[in-house]
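*Asks:*
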Amino acid sequence: MRLLVTGGAGFIGANFVRATVRERPDVRVTVLDSLTYAGSRESLADVEADIRLVEGDITDAGVVGTLVAESDAVVHFAAETHVDNALADPAPFVRSNVVGTFTILEAVRHRSATKPVRLHHVSTDEVYGDLTLDEPARFTESTPYNPSSPYSATKAASDMLVRAWVRSYGVAATLSNCSNNYGPFQHVEKFIPRQITNILTGRRPKLYGTGANVRDWIHVDDHNSAVWRVLTDGAVGRTYLIGADGERDNLSVMRMILRLMGHSPDDFDHVTDRAGHDLRYAIDATPLRDELGWRPGHADFEAGLRATIEWYRDNESWWGPIKDAVETAYEARQQ
Ligand code: NAD
Ligand code: DAU
């Protein structure tokens, strides 16, 4: 299989590419990534000889058309992904997430007229908005879309484009909406790596608001094994929710990080809350489990978090050069 992976130099994409090279020698991987602040060649350094890395933009119809024409399948991860950045400047989110997905869909549509190309679109549970803290409900495939932030609104728009291209043009696409990922190679702007690297650099961890907000954590390798399962066995046109029953409030995750790193439970600062901060996400992944037989491999969150802390301890050369600038930007926003 000739597989095009957009956003393959980002957090989830790089883990996806590395796992694919490790576990699927029959797959020839091309990565298309514009190497924004969130993308890093170094995340692919170990597998550089096994893949082709094209530095280019998903809104560039020329490069996208050429690469799609050379591919049997496309897994589309590329996006602007950080909610706080979207609140500060939504423009790149509209461009990359909406126009970029449109550009990929058009390339797949045109190529499919002569040769079938399979597309998998990677999306987020944030398209469903949020749940309250005290209800048992979880997101399902039929939960109405209700995005809260500029980030989730652009991801919702991209999902709608994919569905319209499936129905109107017969594009062979699947979609998945996953909950919060954690693991190695995640940018230090995100919650878990930010706190770990704050502690490693002698800064105090930062909690938005009271920390009651709940996220449904899944190890990045589990997200990626589910993406592969949907790509190979999923029904075209279907949406699969990906989650691993990992609901935890932010304060508990903060305290677990502090404990695992030998600090006292209150050794953090409360900072200004995020505008429009979603309260709770929770995924019901029953169809993925029952219909496609997928199971997560990292059920033990504490073990996964401990391994993630070790990875950041051992890989300061990967995150060290960008840490100060990230914290300076946060300080300017009093976060
Ligand atoms: P990330 O921000 O770490 O990486 C995004 C990658 O996309 C980067 O390598 C960046 O350079 C690239 N990119 C951005 N704009 C581009 C453009 N215009 N052209 C080419 N490349 C571009 O993101 P991530 O956390 O790895 O997320 C990957 C995907 O998974 C996104 O679509 C995101 O919405 C989705 N997702 C993320 C999570 C999560 O918890 N991180 C959960 C569910 C879904
Ligand atoms: O649910 C999937 C989504 O998860 C993905 O679509 C997004 O791309 C990804 O960034 C993530 O979004 P969140 O906004 O949930 O992740 P973030 O790591 O930014 O924040 C997680 C929670 O922690 C959230 O409730 C905000 C809070 N937080 C975040 C930071 C950076 C803090 O309390 N302190 C912080 O310093």
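Counted the way the UniProt record's numbering counts, the sequence shown spans residues 1 to 335.
All residues carry an ideal CB built from backbone N, CA and C; glycine is no exception.
What distance in whole Å lies between the Cβ atoms of Ile242 and Ile218, which are believed to be in contact at a cut-off of 8 Å?
*Replies:* 7 Å
*Asks:* Using a Cβ-based criterion (distance less than 8 Å to any ligand heavy atom), does His121 qualify as near the ligand DAU?
*Replies:* no
*Asks:* Let me check understanding here. Comparing Cα to Cα, which of Thr286, Pro184 and Arg22 lies closest to Ser142?
*Replies:* Ser142 has its Cα closest to that of Thr286, out of Thr286, Pro184 and Arg22.
*Asks:* Start and end of the alpha helix (DSSP H) containing Arg111?
*Replies:* Gly100 to Ser112
*Asks:* Which residues count as close to the ligand DAU when the rule is a CB under 6 Å from any of its heavy atoms, in chain order?
*Replies:* Thr81, His82, Val83, Thr124, Asp125, Glu126, Ser179, Asn180, Lys190, Phe191, Arg194, Lys206, Leu207, Tyr208, Asn213, Arg215, Asn250, Arg274 and Tyr281
*Asks:* Between Val188 and Leu175, how many whole angstroms is the CB-CB distance? I'm expecting something under 8 Å.
*Replies:* About 29 Å separates the two Cβ atoms, so there is no contact after all.
*Asks:* In terms of residues, what are the limits of the beta strand (DSSP E) holding Lys115?
*Replies:* Neither: Lys115 is in no beta strand (DSSP E) and is coded neither H nor E.
*Asks:* In the structure shown, what three-state DSSP assignment does Phe185 receive?
*Replies:* coil
*Asks:* Checking the sheet assignment: what are the DSSP bridge partners for Thr239?
*Replies:* Leu175
*Asks:* Give me the Cβ distance between Ala61 and Thr103, rounded to the nearest whole Å; I'm assuming they're in contact under 8 Å.
*Replies:* 5 Å
*Asks:* Got a sec: does the ligand NAD put a non-hydrogen atom nearer than 8 Å to the Cβ of His219?
*Replies:* no
*Asks:* Hey, quick one: how far does the alpha helix (DSSP H) through Val253 stretch, first residue to last?
*Replies:* Unbroken alpha helix (DSSP H) run through Val253: Asn250 to Leu260.
*Asks:* DSSP three-state call for Tyr208: helix, strand or coil?
*Replies:* strand
*Asks:* With hydrogens ignored, establish whether the beta-carbon of His298 is closer than 8 Å to any heavy atom of the ligand NAD.
*Replies:* no
*Asks:* Compute the minimum distance between the beta carbon of Lys155 and the heavy atoms of the ligand NAD, and state whether it is under 8 Å.
*Replies:* yes
*Asks:* What do you reckon, is the C-beta of Asp222 under 8 Å from a heavy atom of the ligand NAD?
*Replies:* Not under cutoff, so the answer is no.
*Asks:* Using the DSSP secondary-structure output, state which residues sit across from Phe139 in a beta bridge.
*Replies:* Ile283
*Asks:* When burial is assigned at 16 or more other CB atoms within 10 Å of the CB, is Val171 buried or exposed?
*Replies:* Burial state of Val171 is buried, judged by a 10 Å Cβ sphere holding 16 or more other Cβ atoms.
*Asks:* What's the gap between the Cα of Asp284 and the Cα of Arg138?
*Replies:* 6 Å
*Asks:* Report the residue ranges of all alpha helix (DSSP H) runs contained in full by the segment 37 to 93; include only those spanning at least 4 residues, in chain order.
*Replies:* 61 to 69 and 83 to 88
*Asks:* Under a three-way DSSP split, which group does Thr197 fall into?
*Replies:* helix
*Asks:* Tell me whether Ala113 is buried or exposed, calling it buried when 16 or more other Cβ atoms sit within 10 Å of its Cβ.
*Replies:* With fewer than 16 Cβ atoms within 10 Å of its Cβ, Ala113 is classed as exposed.
*Asks:* Note the first and the last residue of the continuous beta strand (DSSP E) segment covering His270.
*Replies:* Asp269 to Val271
*Asks:* Between the C-alpha atoms of Asp249 and Pro147, what's the straight-line distance to the nearest angstrom?
*Replies:* 20 Å
*Asks:* Going by DSSP, what residues sit across from Asp2 in a beta bridge?
*Replies:* The sequence as given places Arg at residue 2; Asp does not occur at that position. Paired residue(s): Arg28.
*Asks:* Skipping 5 residues on each side, what residues in its chain have a beta carbon closer than 6 Å to that of Val75?
*Replies:* Val5 and His120
*Asks:* Can you give me the start and stop residues for the beta strand (DSSP E) that Arg215 sits inside?
*Replies:* Val214 to Asp216
*Asks:* Note down, in chain order, each residue of its chain lying with its Cβ closer than 7 Å to the Cβ of Val326, except the 5 sequence neighbours on either side.
*Replies:* Val188 and Glu189
*Asks:* Helix, strand or coil for Thr124, going by three-state DSSP, please let me know.
*Replies:* strand
*Asks:* Considering only the beta carbon of each residue, do Glu55 and Arg2 sit closer than 9 Å?
*Replies:* no
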